[in-house]
Structure formats: structure tokens, C-alpha cells
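See structure below.
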Amino acid sequence: MGRLNHEQEQFFYSFRLDDAVPGDHPVRRIAAVLDLGWVYSELAPYYPKIGRPSVDPVLMIRMLIVGYVLGIRSERVRCRDVAVNLAYRWFCGLSIEDKVPDHSVFSRARNERFCNCGIFRSIFERVVGACIGAGLVGGEGFAVDASLIVADANKQRSIRGAQWSAAIDPQTASRATKEYLATLDDAAFGAASEVRPKFVSPSDPAAQWTGAMRGPAFFGYADNYLIDVKVGIIMDVEATRAIRQAEVGAARTMIERTEQRFAIKPERLAGDTAYGSGANLDWLVNEAKITPTSRSMTSRSERTGPSAAKTSPSTKSATFISARPARF
Numbered sequence: 000m001g002r003l004n005h006e007q008e009q010f011f012y013s014f015r016l017d018d019a020v021p022g023d024h025p026v027r028r029i030a031a032v033l034d035l036g037w038v039y040s041e042l043a044p045y046y047p048k049i050g051r052p053s054v055d056p057v058l059m060i061r062m063l064i065v066g067y068v069l070g071i072r073s074e075r076v077r078c079r080d081v082a083v084n085l086a087y088r089w090f091c092g093l094s095i096e097d098k099v100p101d102h103s104v105f106s107r108a109r110n111e112r113f114c115n116c117g118i119f120r121s122i123f124e125r126v127v128g129a130c131i132g133a134g135l136v137g138g139e140g141f142a143v144d145a146s147l148i149v150a151d152a153n154k155q156r157s158i159r160g161a162q163w164s165a166a167i168d169p170q171t172a173s174r175a176t177k178e179y180l181a182t183l184d185d186a187a188f189g190a191a192s193e194v195r196p197k198f199v200s201p202s203d204p205a206a207q208w209t210g211a212m213r214g215p216a217f218f219g220y221a222d223n224y225l226i227d228v229k230v231g232i233i234m235d236v237e238a239t240r241a242i243r244q245a246e247v248g249a250a251r252t253m254i255e256r257t258e259q260r261f262a263i264k265p266e267r268l269a270g271d272t273a274y275g276s277g278a279n280l281d282w283l284v285n286e287a288k289i290t291p292t293s294r295s296m297t298s299r300s301e302r303t304g305p306s307a308a309k310t311s312p313s314t315k316s317a318t319f320i321s322a323r324p325a326r327f
């Protein structure tokens with residue numbers, strides 16, 4: 000019967016990190032199609048010419064991709080897993096001895112350089128472009144939906160909406176409050192509705208108090224997806240307040256942006272009842288020339304034509320096909 004003998008610690012190891020990663024591991028499939036070499040030139044204007052070298056931005060982006068694809072939401076957990084997982088190290092370009100960046104580096108980069116240059120939008124659109132080039136996008140039928148994202152805001156420290164005032168000095172406000180003040184006129188946030196929320200979080204006033212999950216209310220945001228229905232490719236994403244008016248406005252923004260970026264405009268759009276208002280259907284049918292896949296809308300249009308979308312009572316309660324975003 001053999002036994003492992005570790006009486007003396009081994010000082011040297013001889014192996015290739017590439018050999019330790021299974022051939023069918025998800026990171027290998029991602030690495031085969033992911034090209035981030037262009038990131039350095041795009042971020043160059045946001046880094047000074049002198050000073051101590053920063054953490055490699057491509058390394059941070061690769062670590063964020065690992066967290067998204069494998070469902071690791073906590074940055075502390077992500078950094079820990081990259082440190083101990085050889086496959087993650089290989090994907091991120093780290094050797095067995097390289098130090099993993101601290102979690103605080105991601106927070107600063109996300110709210111400073113990455114935010115100012117829009118690098119995440121550039122990466123997203125390049126991935127969509129690669130999917131279009133590979134023939135994965137049909138371009139004829141789209142679906143739209145929103146997922147609720149719980150905000151990191153303490154419900155116990157919230158105040159009533161009637162007591163909240165936007166008359167805040169931006170110079171003395173926190174970063175989250177400054178971001179909120181900058182979006183007061185944004186259709187996806189401050190201008191989405193004139194109705195005051197029941198409660199407001201002073202630490203994150205842009206977060207919406209919502210009970211949309213039919214359980215205890217919480218502060219949250221809406222992550223809106225525009226999906227091509229051929230194989231489920233997400234064509235566009237837009238973050239908004241967690242209210243219906245903002246979600247409907249986000250759908251319009253994503254459709255227009257997709258047409259502008261990729262010259263693709265759907266012939267049909269599927270969604271749930273949140274997108275079945277008369278005003279939205281009027282825009283879809285009469286302005287955008289997109290057919291909403293609604294049973295009540297379809298039957299009405301067959302009798303009276305597309306112009307009925309503006310005046311038909313049935314459009315007020317149209318039932319759209321439900322569409323849930325797929326994660327890749």
C-alpha cells in the first residue's frame with residue numbers, strides 16, 4: 000500500500016500550465032474566439048505617460064469575463080477563485096507565480112477609466128459583431144425583456160420619497176449621488192416617471208424601490224435585454240430604473256442603437272405585457288414599422304390595418320410572448 004511522502008517541501012516544479020487545463024473546459028472555447036489585443040490602443044488616452052505601471056487592463060477584463068460566464072458576482076470571490084484555479088489563471092494569462100489583482104482595483108477601474116472610455120460597450124459590440132459574422136444572428140425576430148438586479152442599498156436606512164430632495168450640492172455629494180444627479184433628465188432614470196418612489200436610498204438614490212418580484216420590496220435596477228431569437232444572441236443591453244416606463248423606453252433605445260451600430264432592424268418584436276401599451280405599440284407599428292407578436296394586436300390588425308394600433312382599445316392590454324434572456 001503506497002503512501003504520499005511530503006516530509007520535505009518541494010522547492011521546484013516542472014510543468015506547463017497549458018497541460019493542466021482540460022481541452023473541453025469553457026475557458027478554452029472562449030479563448031479560441033476572444034481577441035482583446037485592441038484594448039490597449041483604445042485605453043491608451045486614459046493612462047498617463049509617467050508614473051508607476053498600472054494593473055494590466057486586459058487582465059482585469061479577462062477576470063471580469065470569467066466572473067460573468069461562470070456566474071461569480073462577488074469580486075472578492077472572483078479574485079480568490081482566479082488565484083487557486085489553474086484554468087482561470089491560464090485564461091487570464093497569469094503564471095503560477097503571478098499575483099492576482101486586489102478586488103479594490105476593479106472598483107476603481109470600473110468607476111474611473113473603464114467608465115469614462117466606455118470599454119465595456121466596445122467589447123460587447125465587438126462580440127455581437129463576431130456573432131453576426133459567424134451567422135448566428137437572424138435579424139428578423141427580436142425579443143425584449145428586463146431582469147431585476149438587487150441594489151446594494153440598505154432598506155433600514157432609506158427615507159420616504161416625499162422627504163427626498165434632489166437639491167444637493169454635487170461638490171459635496173457621494174459618487175453614487177453624483178451619478179444620480181447626472182441622470183435626472185435621462186429617460187431611463189430621472190425622466191422615466193414623475194411619480195415619487197415610496198422610499199429612497201440616500202446612498203444610492205438612483206435605485207428604485209420595487210415590489211415587482213411579488214415578495215418583500217427592495218431597491219433595484221432593471222437590466223434590459225434585446226435578443227435575436229435565432230439562437231438567443233443578446234444584441235443590446237440597457238440599464239434603467241426598475242419601473243415599466245423606463246423598460247419600455249429602453250426597448251426603443253436598444254432597437255434604434257442596434258440599427259445604428261449594425262444596420263439590423265427586426266421585422267418582429269416579442270415581449271411581455273409591460274411593452275403592450277398603446278403608445279409603445281403605436282411607435283412600433285406606425286413609426287418603426289415593426290410587427291409586435293401579440294395575439295390581440297395581430298387579430299385586430301388583420302381586420303383594421305396597422306393604423307389601428309394607435310386607436311384600438313385592445314392595444315392597452317396586449318399580451319406579448321414572454322422572452323427570458325439567455326446567458327452565454
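Residues 0 to 327 (numbering that gives the first Met the number 0) make up the sequence shown, in order.
We put the beta carbon where it would ideally sit given N, CA and C, even for glycine.
Item	Value
Identify, in the order they occur along the chain, each residue of the same chain with its Cβ nearer than 6 Å to the Cβ of ASP203, setting aside the five sequence neighbours on each side.	ALA150, ALA152, ALA175
DSSP has ASP329 in a bridge; who is on the other side?	The structure shown does not extend to residue 329, since the chain spans only 0 to 327, so no value can be given for it.
In or out: VAL284 buried (at least 16 other Cβ within 10 Å) or exposed?	buried
Would DSSP call GLN7 helix, strand or coil?	coil
Are the region 194–208 and the region 124–139 touching, with three or more C-beta to C-beta distances below 8 Å?	no
Should ALA43 go down as buried or exposed, given a rule of 16 or more other Cβ atoms within 10 Å for buried?	exposed
Residue ranges of each beta strand (DSSP E) run of no fewer than 3 residues wholly in the region 212–287, ordered along the chain?	217–227, 232–240, 267–269
Considering just the uninterrupted stretch of the alpha helix (DSSP H) at THR176, what are its terminal residues?	174–181
Using the Cβ count rule (16 or more neighbours within 10 Å means buried), how would you classify THR171?	exposed
How long is the line joining the alpha carbons of ARG61 and ALA249, rounded to whole angstroms?	28 Å
Would you tell me roughly how many angstroms separate the C-alpha atoms of GLY231 and LEU225, rounded to the nearest one?	10 Å
Any chance you could list the alpha helix (DSSP H) runs of at least 4 consecutive residues sitting entirely within the region 64–143, in chain order?	74–83, 85–91, 102–110, 112–116, 118–132
State whether the region 65–74 contacts the region 35–51, with contact taken as three or more CB pairs (one from each stretch) at a distance under 8 Å.	no
With DSSP collapsed to three states, give me the class of PRO21.	coil
Just tell me which of THR257, GLY275, LYS288, ASP34 has its CA closest to the CA of ILE122.	ASP34
Which of helix, strand or coil does DSSP assign to PHE148?	Checking the displayed sequence, the identity of residue 148 turns out to be Ile instead of Phe. Looking at ILE148 - three-state DSSP - the assignment turns out to be strand.
Could you tell me the boundaries of the alpha helix (DSSP H) in which VAL194 lies?	It is not in any alpha helix (DSSP H) - VAL194 carries neither H nor E in the DSSP assignment.
If we count the other Cβ atoms within 10 Å of its Cβ and call it buried at 16 or more, is PRO291 buried or exposed?	buried
Helix, strand or coil, according to DSSP, for GLN162 in the structure here?	helix
At the level of alpha carbons, what is the spacing between GLY92 and HIS24?	16 Å
Cβ-heavy atom distance between GLN155 and the ligand COA below 7 Å?	You won't find the ligand COA in this model; it holds no ligand whatsoever.
Could you give the distance in angstroms between the alpha-carbon of GLU301 and the alpha-carbon of LEU280?	Legend: pLDDT at GLU301 = 46, less than 50; position of this residue unreliable, value from coordinates given subsequently. Whole-angstrom Cα-Cα distance: 15 Å.
Measure the alpha-carbon distance for GLY210 versus ARG79 and round it to whole angstroms.	34 Å
With 16 other CB atoms within 10 Å as the buried threshold, where does ALA333 fall?	Residue numbering for the chain in the displayed model covers 0 to 327; residue 333 lies beyond these limits and cannot be assessed.
State the start and end residues of the unbroken beta strand (DSSP E) segment that holds TRP37.	Taken as a continuous stretch (DSSP letters only), TRP37 belongs to no beta strand (DSSP E), as it is neither H nor E.
Quick check on this structure: which residue in GLY137, VAL126, GLN207, GLY50 has the alpha carbon closest to the alpha carbon of SER157?	GLN207
Where THR297 and ASN115 are concerned, what is the direct C-alpha to C-alpha distance, given to the nearest angstrom?	Legend: pLDDT at THR297 = 44, less than 50; position of this residue unreliable, no value from coordinates given.
Buried or exposed, going by whether 16 or more other CB atoms sit within 10 Å of the CB of PHE105?	buried
Quick one: give me the first and last residue of the beta strand (DSSP E) that GLN170 is part of.	Neither: GLN170 is in no beta strand (DSSP E) and is coded neither H nor E.
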